[in-house]
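Just so you know, the working numbering puts 408 at position 31 of the sequence shown, and the rest follows in order with no gaps. Below you'll find the structure, written out as structure tokens, and then a few comments.
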Amino acid sequence: METNKIREDFPILKRTMSGKPVVYFDNGATTLKPQPVIDAITNYYTYLGANAHRGDYEMSGQVDDAFEGARKTAQKFLNAKHVEEIVFTSGSSMGLNEIAIMVTRQYLKEGDVILSDESEHASSYLPWLQAGKEKGTKIDFIPLDEEGKITIENFKKVLTDQVKVVALAMVSNVLGFTAPIKEMAKICHERGILLVVDGAQSTPHLPIDVQDLDVDFYVLSAHKMCGPTGVGVMYGKKKYLDELQPVFYGGESNARYNKCGDLILKESPLKFESGTQPIEGVIGMAAAMKYIDSIGKENIHEYEVELKKYFLEQTKDLENLIVYNRNAESGIVTFNMKDKGQLIFAQDVASFLNTQGIAVRSGQHCAKLLPDILQVPATIRASFYFYNTKEEVDRLVAALKEVTLENCVDIFF
Ligand SMILES: Cc1ncc(COP(=O)(O)O)c(C=O)c1O
378 METNKIREDF
388 PILKRTMSGK
398 PVVYFDNGAT
408 TLKPQPVIDA
418 ITNYYTYLGA
428 NAHRGDYEMS
438 GQVDDAFEGA
448 RKTAQKFLNA
458 KHVEEIVFTS
468 GSSMGLNEIA
478 IMVTRQYLKE
488 GDVILSDESE
498 HASSYLPWLQ
508 AGKEKGTKID
518 FIPLDEEGKI
528 TIENFKKVLT
538 DQVKVVALAM
548 VSNVLGFTAP
558 IKEMAKICHE
568 RGILLVVDGA
578 QSTPHLPIDV
588 QDLDVDFYVL
598 SAHKMCGPTG
608 VGVMYGKKKY
618 LDELQPVFYG
628 GESNARYNKC
638 GDLILKESPL
648 KFESGTQPIE
658 GVIGMAAAMK
668 YIDSIGKENI
678 HEYEVELKKY
688 FLEQTKDLEN
698 LIVYNRNAES
708 GIVTFNMKDK
718 GQLIFAQDVA
728 SFLNTQGIAV
738 RSGQHCAKLL
748 PDILQVPATI
758 RASFYFYNTK
768 EEVDRLVAAL
778 KEVTLENCVD
788 IFF
């Protein structure tokens with residue numbers, strides 16, 4: 378990994394924070410954007426400008442080409458069988474909500490069970506909870522093992538005839554464990570269960586092949602993989618997208634309608650894309666996918682795991698550090714600090730790190746069932762990406778060595 382060369386592509390890495398060169402370790406929340414992505418977005422506004430699928434003039438045709446070209450890029454990125462399986466959304470949350478609403482309305486009945494787990498992000502859990510209130514469906518939980526992982530053994534324990542959907546993240550945004558999706562898909566399909574995968578934290582870091590994984594639905598957010606905010610993909614197997622009725626209606630998604638109330642929708646993906654899409658976002662997302670492919674997902678994953686191992690090695694004598702996910706093979710380190718036998722409030726540690734120019738996330742990371750399992754109210758998450766360096770990890774380690782109860786109070790910024 379030629380990190381120094383890669384870092385040149387990220388203009389924001391030249392800025393300072395709290396008067397120091399910024400160390401950005403909040404990649405689980407969102408990632409920084411490389412110049413080719415910024416250029417792709419600027420190019421749309423500078424030279425293209427028109428709406429997509431609306432005009433009969435040269436400029437709009439060029440937008441159509443860029444927009445549908447982006448769909449093909451996403452198809453290739455996920456190795457989807459059909460381009461019609463790629464639906465643009467505003468991000469993972471929107472995709473997961475749409476899937477939960479559509480699937481619950483059309484495929485589920487009272488008493489049916491959706492399997493989730495306690496490490497899920499709110500966006501993977503709450504849509505099923507809410508959609509299920511109309512129908513009387515129920516959520517059960519796959520028990521996590523002692524480390525907080527999902528295992529096939531535990532998964533099998535909660536499979537009943539009532540389970541109709543399994544909805545979970547491929548990589549947990551707090552603990553960074555990867556769920557055994559391929560094996561789960563096989564088991565699900567033997568029992569006629571739909572598998573809905575939240576790929577917000579897996580797509581940026583791992584090679585994803587939706588055909589090989591055999592997932593029924595898969596979502597991603599561009600902003601977590603070097604792309605712009607407000608755009609993502611909802612992948613669904615064609616047979617389901619052909620059957621499902623969209624949640625949203627309006628321009629673009631319909632073929633015709635009349636005053637008698639008849640409505641004929643277009644086919645997927647356009648039937649799910651009512652209204653003007655975030656065109657510059659879609660184009661920027663395609664640029665991000667190409668950028669990530671140029672680096673290589675295997676390389677990204679391997680490098681992040683190496684950074685995490687380096688962090689663990691450098692902190693092995695730091696007695697005040699509690700790491701909750703040592704064995705998770707990802708770039709996520711979730712931890713707390715203590716001093717004089719007392720846990721330091723996670724947000725105070727994050728604020729102290731800010732004074733050292735280091736950006737991390739603290740709190741419950743939108744996974745509000747997990748603190749019960751970890752038995753702490755909040756944690757600090759440092760999430761590495763391929764543009765981070767061992768020197769930056771050294772700065773985090775040096776800062777953590779300075780963390781005391783006294784240092785962490787009364788910090789204002
Ligand atoms: C695992 C997981 N799922 C879903 C989401 C929601 O993504 P977005 O906010 O882009 O919709 C996130 C964002 O943090 C996430 O980490």
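Glycine residues also receive a C-beta, built at the ideal position from the N, C-alpha and C atoms. Just so it is clear, the structure is predicted and the values come from calculations on it, not from any experiment.
Where residue i sits in the DSSP three-state scheme
i	result
Lys717	coil
Met547	coil
Asn456	coil
Tyr612	strand
Pro646	coil
Val399	coil
Asn676	helix
Phe532	helix
Phe325	Since the displayed the chain opens at 378 and closes at 790, residue 325 lies outside it and no answer follows.
Val480	helix
Phe444	helix
Lys486	coil
Lys410	coil
Leu689	helix
Ser493	strand
Thr537	coil
Phe729	helix
Ile843	Because residue 843 is not part of the residues shown, which for the chain are 378 to 790, the question remains open.
Ile516	strand
C-beta atoms of residue i and residue j nearer than 8 Å
i	j	result
Gln724	Ala755	yes
Lys674	Glu462	no
Asp386	Gln412	yes
Lys778	Leu684	no
Gln622	Asn456	no
Glu560	Asn704	no
His582	Ile677	yes
Ser645	Leu618	yes
Val543	Gln578	no
Tyr687	Val573	no
Ile757	Val726	yes
Tyr762	Gly718	no
Which residues DSSP lists as bridging residue i, in chain order
i	result
Val786	DSSP lists no partner for Val786.
Thr380	According to DSSP, which records beta bridges pairwise, Thr380 is partnered with nothing at all.
Tyr634	Leu640
Val700	Phe712
Met394	Lys397
Distance cut-off 7 Å: residue i Cβ against heavy atoms of ligand 3
i	result
Gly438	Looking at this structure, you won't find ligand 3 anywhere; what it does contain is ligand 1.
Cutoff 8 Å: residue i Cβ touching any chain B Cβ
i	result
Asn631	Among the protein chains of the structure shown there is no chain B, as only one such chain exists.
#### Entry: By C-beta, the residues closer than 5 Å to any heavy atom of ligand 1, given in chain order
Gly468, Ser469, Ser470, His498, Ser500, Ala546, Asn550, Asp575, Ala577, Gln578 and Ser598
### Query
Can you give, in chain order, each stretch of the beta strand (DSSP E) that sits fully within the stretch 539-597 and has at least 3 residues?
540-546 and 571-575
### Message
If we require 3 or more residues per run, which beta strand (DSSP E) segments fall completely within the stretch 733-786?
### Response
738-740 and 756-760
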